[in-house]
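In this note's numbering, the protein residues as written are 13 to 879.
The beta-carbon is built from N, C-alpha and C at its ideal position, and this holds for glycine as well.
Structure below.
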């Protein structure tokens, strides 16, 4: 059966059983912020199952378009390298909303699979949830599946995941057992039946999952029977098509073969089995359907996921030698294959093509330079014998050339290399922080030319005051009024709003005039003594000369004050615990947290952090009054107040005494140390040579942080089935068990490698005093290939010259190992480089050991002949 016929047969079968054929919902799940994309057939019926929505039908069937390429469900990196991973796929399903239940659902499934699709019953296996005796009896007694092919799965304690045959919509809500149908591809495929130690193999493949929603799980974790048990099923169209068409890989079905042929035509690739063609065939479906459903390539959210998919496809086209936009030409074949079932892609074909072409032109403008930079970085890695690309390099590829991280990782993966994703994330976070700091009203501040009087700051004593608007600015230009919806800057004669300085963020709040409201989103200094209130008119109009009530956000100010006062105590505690060499190098105080940068040559120990927190708590519990005194600078110096090196101070300064801390500071603070509440350090890290950073939370933010930690610990204890104080011990035991298992695996691998090396040594030939061994082997990793080459060389002795080749993850890999006595005649680096070059690969290394890769794996025999 063709894929289109299978889809139609499924829907027609359930139509004949009284089901409403419901069109697929959009890939953009409207009204469900928990999902990035529609990823299952039941998504559009979620509210029906929850009881929030009621449909005019009790039975439904769908062919639902789905995407799994972002967020929790992300199969992107596996696409092109496995038989069944896709970014876009179709899910066939039938649903009962309080109508029929297990008996009918199981019989419908068996009838469709064995009669309509005519799959031999003896090739089918079934799993049921371990405690679901009802489903077990239906399968074995009513349907007649032999008991030895019905497997009970689960931990008998309400496992939460479908892989354990118990499904849940979330931590609470509808849930219930599953039963799955598996197809046996035959003994020539490795793998064991479900529930066996070898179940992860490819022989037995799940083709249908039937979920029986019969319970509601409450917040205590207790299960209660639903008044109207329901059914939710999912059958992957691509998987069932592979079964019915007698092929093992989804990419061998008629739909993908047509798209692969189209990709061959537009790229000129002669190798029908190229993984790159599979990537193109998969990604064009995802891109076509996402754009048709309104997603546009961009830098955030769904748009960024789409951009990653498109750019990954372009890179694979580049790999095949394409140097101009081509991907958009594959839209028409998708529409031809799937437009009847999904008419929206036919109606928007031109829009999809135009969007893709524009995105391609944008990326093709930079891909050449990006690939050149990446190739150079890889060559340097290989020359140094390293395996991980620096995160800063990966970020530059992203920032300058538009290479998403997973695209860079994809290129590296083909060469047996990895990327420092943590380093990439750190570079990304740093850039975002710099952009926020640089872009925060920068244009407005530079453009504003204010020549009026200074702002009287009344924010130390008051959070609300009456004032007058003395100037208004829109996009840096002075205006007489700001209308509703317009953003701008307001200057007042007097204000309670603190303007950002000394590390403390600017206040936010509201300005209320007779005819309008202005929401203050931030307060910045236009001049040293002039405060600019940045925000938007939410109602009416604000005019120059208006009398306004200026009111600071009390909650945010109080939280900021707690963090600012806590920063002073933190500074004092750091100097007391670590020494007088500690100097403040920067800070940020916000309602959410505090950040403090300081000089110190090494990481803080857990004991030092604990002592710092203890000293701060002692100051808080003392609940001493906070004093702010304005005095001459020299008097402040004489009092022993802490001053920041390099900071400019006026003739008079403000000295804050907070507990045992005394510092010059112009910020806002609590009235007593007890107002700070709990202070908890959340991060301690290096940001530069000799500079450390601490982040901490105080008051309500600290409580929320501790509660989150407590919840995490509780969840860990529950998962590990131990008491909370036993979690570290249990983790240590699991680590030891894992380490022992890994060592046992390594020993087994070494024994197998030794046996294989022994067999290879027998094939060595001696010529001109050199024991030569050239062979292709089957291994699953580059490390295994290296160990095998070294083992063979060591067995053959110092006269050995060994070159082994293998196909790993779809690419040719070569390793050369040469003994000391043979180096004069054969240098490993030159040898392996010349061999790889014969089929388009590259590499090199040291005289005694080297590796290379790439090129056409189908020409491996040619390379070995050259070797």
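Residue i: CB within 8 Å of a non-hydrogen atom of the ligand FMN
i: residue 147; result: For the ligand FMN, the structure offers nothing, since it holds no ligand at all.
For residue j and residue i, believed in contact at Cβ under 8 Å, the rounded distance
i: residue 625; j: residue 685; result: The Cβ separation is near 15 Å, so there is no contact.
i: residue 262; j: residue 95; result: 6 Å
i: residue 589; j: residue 611; result: The pair is not a contact, with the Cβ atoms about 14 Å apart (cut-off 8 Å).
i: residue 716; j: residue 691; result: About 13 Å; that fails the 8 Å criterion.
i: residue 471; j: residue 484; result: Between residue 484 and residue 471 the Cβ distance is about 21 Å, and since that is not below 8 Å, they are no contact.
i: residue 265; j: residue 420; result: Actually they are not in contact, since the Cβ atoms of residue 265 and residue 420 sit about 31 Å apart, beyond 8 Å.
i: residue 100; j: residue 314; result: Contact doesn't hold; Cβ gap of about 13 Å is too wide.
i: residue 155; j: residue 122; result: 5 Å
i: residue 389; j: residue 436; result: The pair is not a contact, with the Cβ atoms about 13 Å apart (cut-off 8 Å).
Sequence-distant residues of its chain with Cβ nearer than 7 Å to residue i (five each side left out)
i: residue 226; result: 188, 237, 238 and 241
i: residue 876; result: 786, 788 and 817
i: residue 576; result: 516, 601, 679, 680 and 681
i: residue 793; result: 820
i: residue 739; result: 725, 728, 729 and 732
i: residue 672; result: 584 and 631
i: residue 30; result: 71
i: residue 410; result: 416 and 417
i: residue 455; result: Its pLDDT being 42, under 50, residue 455 is placed unreliably by the model, and the measurement read from it follows with that caveat. So the list reads 488, once near-sequence residues are dropped.
i: residue 874; result: 850 and 851
i: residue 18; result: 249, 252, 253 and 256
Same chain only: Cβ atoms within 8 Å of residue i, ignoring 5 sequence neighbours per side
i: residue 872; result: 788, 817, 819, 824 and 851
i: residue 230; result: 184 and 236
i: residue 117; result: 106, 108, 222, 224, 243 and 245
i: residue 201; result: 213, 214, 215 and 260
i: residue 452; result: Note that residue 452 scores 47 on pLDDT, short of 50, meaning its location in the model is unreliable; the coordinates nonetheless yield the value given after this. Contacts found: 534 and 536.
i: residue 689; result: 574, 632, 710, 711, 712, 714 and 715
i: residue 51; result: 78, 79, 80 and 85
Residue i vs residue j beta-carbon contact at 9 Å
i: residue 552; j: residue 496; result: yes
i: residue 810; j: residue 698; result: no
i: residue 844; j: residue 831; result: no
i: residue 558; j: residue 521; result: no
i: residue 550; j: residue 504; result: no
i: residue 814; j: residue 804; result: yes
i: residue 279; j: residue 332; result: yes
i: residue 375; j: residue 322; result: yes
i: residue 561; j: residue 473; result: no
i: residue 464; j: residue 439; result: no
i: residue 571; j: residue 603; result: yes
i: residue 75; j: residue 32; result: no
i: residue 307; j: residue 47; result: no
i: residue 812; j: residue 864; result: no
i: residue 61; j: residue 186; result: yes
i: residue 325; j: residue 339; result: yes
Residue from the options whose Cα sits closest to the Cα of residue i
i: residue 883; options: 260, 586 and 234; result: The question about residue 883 has no answer here: the residues shown for the chain are numbered 13 through 879.
i: residue 866; options: 723, 471, 879 and 425; result: 425
i: residue 462; options: 434, 544 and 381; result: 544
i: residue 780; options: 663, 749 and 838; result: 838
i: residue 523; options: 481, 539 and 537; result: 481
i: residue 207; options: 762, 201, 164 and 233; result: 164
i: residue 125; options: 777, 312, 35 and 21; result: 21
i: residue 798; options: 42, 857 and 403; result: 857
i: residue 834; options: 335, 693 and 782; result: 782
i: residue 135; options: 160, 148, 675 and 394; result: 160
i: residue 674; options: 144, 665, 653 and 687; result: 653
i: residue 703; options: 580, 608, 53 and 751; result: 608
i: residue 290; options: 275, 300 and 301; result: 275
i: residue 507; options: 556, 531 and 563; result: 563
i: residue 283; options: 144, 870 and 772; result: 870
i: residue 147; options: 13, 113 and 746; result: 113
Proximal residues to residue i (C-beta, below 6 Å), its chain only, five neighbours per side dropped
i: residue 169; result: Because residue 169 carries a pLDDT of 43, less than 50, the predicted location of this residue cannot be relied on, and the following value inherits that uncertainty. Cβ neighbours of residue 169 beyond the five flanking positions: none.
i: residue 587; result: 594
i: residue 296; result: 342 and 346
i: residue 444; result: none
request  = Spell out a yes or no on whether the segment 190-210 and the segment 133-148 are touching, meaning 3 or more CB-CB pairs, one atom from each, closer than 8 Å.
outcome  = yes
ask   = Are the segment 486-494 and the segment 503-516 touching, with three or more C-beta to C-beta distances below 8 Å?
value = no
key: Validate contact between the segment 14-26 and the segment 67-83 using beta carbons, cut 8 Å, 3 pairs   = yes
query = Between the segment 116-131 and the segment 252-262, do at least 3 Cβ pairs fall closer than 8 Å?
reply = yes
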